[in-house]
Amino acid sequence: MNKKKLLIALAGNANVGKSVIFNHLTGLHQHIGNWPGKTVERAEGTLHFRGYTIDIVDLPGIYSLSTYSLEELVSRKYIAVERPDVVINVVDASVLERNLFFTLQLMELETPMVIALNQMDMAKSKGIQINIKKLEHLLGIPVMPTVAVKGVGIAKLLEKAIETVEKTPAKKHPQVTYGEEIEEKIGKLMEKMKNVQLVYPPRYVAIKLLEGDEEIEREIQRINPQITSAAKKIAVEIENIHGHTCSTVITSERYEAAGCIARAAQKLVSPIKPTKVERLHNLTTHKVTGYLILVFSLLLIFYTIFTFGDYTSGLLSDVLYGLEPLFASAFGTGIVGALMWGGVMEGLIAGITIVLPYIIPFYLILYVLENSGYLSRIAFLMDYVMHKMGLHGKAFIPIMLGFGCNVPACLGCRIMETQRERLLAAFVTTLVPCAATTVIILGLVGNFLGIQWALALYLFNFLVIFVLGRLAFKVVPGEPTALIMEMHDYRWPHMKTILKQTWFRVAEFIKIAFPLIIVGSFALKLAEVSGLLEPIAAVLSPVTVAWLGLPAITGITLIFGVLRKELSLVMLAALLAPTGLAILTPVQMVVFTLVAMFYIPCIATIAALVKEFGWKKALFITVFEIVFAIVLGGVALRLLTLVA
Amino acid sequence: MEKRNSKRREAPLTALKAGESGIVTYIRFGHIRGRRIRHRHMMHGHEREWGFEKRLMDMGLTPGTRVTVVKSAPFHGPFEILVRGSRLALGRGMAERIVVEIEQE
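Protein sequence lines, in the order shown, are assigned to chains A and B. Per our numbering: the first sequence = residues 476 to 1119. Per our numbering: the second sequence = residues -9 to 95.
Right under this line is the structure:
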């Protein structure tokens, strides 16, 4: 048995096919988690090749190695501290210059690397020809052309990576040479750092100090404050010469270097004419057709998901509830039986009937939209609306998700750049009516008062989202960030990668939501069999009866709604038997629906909030929404009775 | 950079019409409108702003770069621009801060 071990990291811009390559390499042996203590995704996998056991880490897709975002910080620390044996830099051949800008930064980290020149097919269709030999020569790094979606070049890429490792000591690749005066300053700083031991290479530290990198500054400040003050002085000198901040000057020169290499290695063979992909882009971002297509696609998506979800959910419920006699015979019909069935099993059923019919299709569609490139066009079209809430276009994506289920929506807020925006977006998404809320709106108001009332409630919900979103934006401290987003060319999504991404998301959902749903449902059943429900309803009656004008029993059903929102309606119908829901007055129906819409994110959503933002913020959002819903319901009652 | 004897004027990126291009000259900061801020230490308490500038630079909008406006989304929406061979969506607030030099015939 050969026990040679290797660690390979995949790095590159977003949307260059990194995850597709990762999937090709690792197959099913992969695992997605978080970086310790960070809400940044970490995908790892293992493979065996040529007697090596190779661990592969897929770093987040980023454009730079500065400290603008957590992803960037995590990536560069990983490369500097964990020192992977080789970094595979995945480069989009059709946008060579921007990608090489990142490559040059990786080179500054002085890590052994190999380039996967991916999406060669797309480059070709854009009329871009790349001279591989020349690119290799200019960068001093092995380059392997690949078409990841078709699996072309992947095995050879791995061979090249291993070759690079075996060639020890790895030869140092050349670095970007900056302008004369900057090189001189870098030299000066490196001189000062001679005796300082750092995880990052000294040249990298010198450059980053000049760029004003906060993390590196802090670290050097601790070791030797003289170095940072010298760097600051030098930076000001450079700023005075160039009339731009030192960081701008360095970034400029780095891009210039990337541009030079790209221009030397690539050739435009055919005149640039609008391709099919280009025409599709124009159509989907056009001020008229773009919005028409957007509305049409969203309607189609929701219609499909809800029809499919409704049907499968019903089917699954029937099948799973068919197990009840089985349980009764196993555990009896006494307290134990009730707890096992009503507590554990019903909680499980609640989870299953959400995951299979709604969550899975939702994620599938989401990933198709994302990987094809349409999601970025949606963000482009919706930026204006989101801006009114202090968020930018990308926030529309978690909000869209929220209509299916608030849990993935909360987790989806990670696409926002700053923690502040993640929180704001998450707050807004918890107000979005999810599939379960829709069941209540349609099942109660839509059914008894007519569809126009249901629609009115939806509109009101949007209004609330808008107003509260805006308010939160004013209250939460910090600057809003604006949209800066690459819109990569449309492409066919790679189905295998999408299936895997969906699978990991679903597994994550199950891990977050299921334990809480089951525990919660067990606790409620326990309260029910021990006769605690009546007293609870009595305690809550000042709120439910006096303030909201609802039957006292709603106090209990609303508590059950915490598990799963539509449960509050289903239970209410059962508890109001034999007359059922029809006994409620129209005003009561509207008030109940309003409260159910806003009163709390369900328990699974709270769990997701805790995971992403910690207990305090999750608790704050929960309490706020409960109070808000109760106040709103009471006010609505009084206004509606006035009108009626 | 090529030199031409045409008139040049500076304007925010938002002044460009669809299909027009310009050369990035500098990034303007929001709170001190119109004034060219040369040093970061002149911007007290605006570290995030610096983050923005860095982000723009990292996306390739460095001084001297040619930018082409493809279009802007309606209702004062974001701009679609071409820069360094790639397509970017840029929020209007951010586009307003990018000062470009427009070549006039």
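Think of the CB as a built atom: it goes at the ideal place given N, C-alpha and C, for glycine as much as any other residue.
Between Arg895/A and Gly1006/A, the alpha-carbon positions lie close to 44 Å from each other. Residue-level contact by beta carbon holds for Ser76/B and chain A, with a gap shorter than 7 Å. For the options Leu791/A, Gly784/A, Glu821/A, the alpha carbon positioned closest to that of Phe802/A is the one of Glu821/A. Gln594/A sits in coil when the DSSP states are folded into three classes, being neither helix nor strand. Using a Cβ-Cβ cut-off of 7 Å, Thr723/A counts as an interface residue toward chain B, since at least one Cβ of chain B sits closer than that to its own. The contact set of Glu70/B on chain A, defined by CB atoms closer than 8 Å, consists of Thr760, Phe855, Met962 in chain order. The region 1053 to 1068 of chain A makes contact with the region 1022 to 1036 of chain A: 3 or more CB pairs, one atom from each, lie closer than 8 Å. At a cut-off of 7 Å, the C-beta of Asp858/A has a neighbouring C-beta in chain B. Per DSSP, Ile563/A is one residue of the beta strand (DSSP E) stretching across 561 to 567. Only residues of its own chain outside the window of five on either side were considered, and among them Ile702, Ala705 have a CB closer than 7 Å to the CB of Lys667/A, listed in chain order. Against chain B, a Cβ distance below 7 Å from Glu572/A picks out Arg74, Gly75. Thr972/A and Lys708/A have their C-alpha atoms spaced approximately 49 Å apart.
Distance from the CA atom of Tyr833/A to the CA atom of Gly879/A, rounded to whole angstroms, is 7 Å.
Assignment of Lys479/A by DSSP, reduced to helix, strand and coil, places it in the strand class.
Shortest Cα-Cα distance from Glu714/A to any of Ile657/A, Glu961/A, Gly818/A, Glu519/A involves Ile657/A. Across the set Leu930/A, Ile1081/A, Gly520/A, Val674/A, the C-alpha of Gly520/A shows the shortest separation from the C-alpha of Phe497/A.
The beta-bridge partner set that DSSP reports for Tyr538/A is empty. With a threshold of 7 Å between beta carbons, Thr912/A makes no contact with chain B. A direct Cα-to-Cα measurement between Leu481/A and Glu43/B gives close to 38 Å. The beta carbon of Pro2/B lies closer than 8 Å to those of Arg18, Ala85, Glu86, Arg87, Ile88, Val89, Val90 in the same chain, with the five residues before and after it left out. The C-beta separation of Tyr965/A from Val752/A comes to about 5 Å, placing the pair in contact by the 8 Å criterion. Proximity of Tyr538/A to chain B, defined by a Cβ-Cβ separation below 7 Å, is satisfied. Comparing alpha carbon positions, the residue from Ile605/A, Leu906/A, His504/A, Asp858/A closest to Phe979/A is His504/A.
Between Gly83/B and Ala957/A, the C-beta gap is smaller than 7 Å, which places the two residues in contact.
For the 7 Å CB-CB criterion, Gln604/A and Asp567/A do not form a contact. Selection Leu856/A, Ile872/A, Met861/A, Ile810/A evaluated against Ile840/A yields Ile872/A as nearest (Cα-Cα). Its Cα nearest to that of Ala1012/A, the residue Ile1028/A stands out among Ile768/A, Ile1028/A, Cys909/A. The C-beta of Pro64/B comes closer than 7 Å to at least one C-beta of chain A.
Taking the C-beta atoms as reference points, Ser76/B is found no nearer than 7 Å to Phe69/B. Per the Cβ contact rule, the region 985 to 992 of chain A is not in contact with the region 840 to 855 of chain A (fewer than 3 Cβ pairs under 8 Å). A Cβ-Cβ separation of about 33 Å leaves Leu632/A out of contact with Ala681/A under the 8 Å criterion. In terms of CA proximity to Ala1082/A, Leu886/A leads the group Gly865/A, Leu886/A, Ile829/A. Cβ-Cβ distances below 8 Å link Leu755/A to Tyr965 in the same chain, with the five nearest sequence neighbours on each side left out; the list follows chain order.
Taking all protein chains shown into account, Ser494/A has 16 or more neighbouring C-beta atoms within 10 Å of its C-beta and is therefore buried. Contact note: Gly868/A reaches chain B through Pro68, Ala79, Gly81, using a C-beta cutoff of 8 Å and chain order.
Using a 10 angstroms sphere on the CB of Ala1057/A, the tally of other CB atoms stays under 16, which defines it as exposed.
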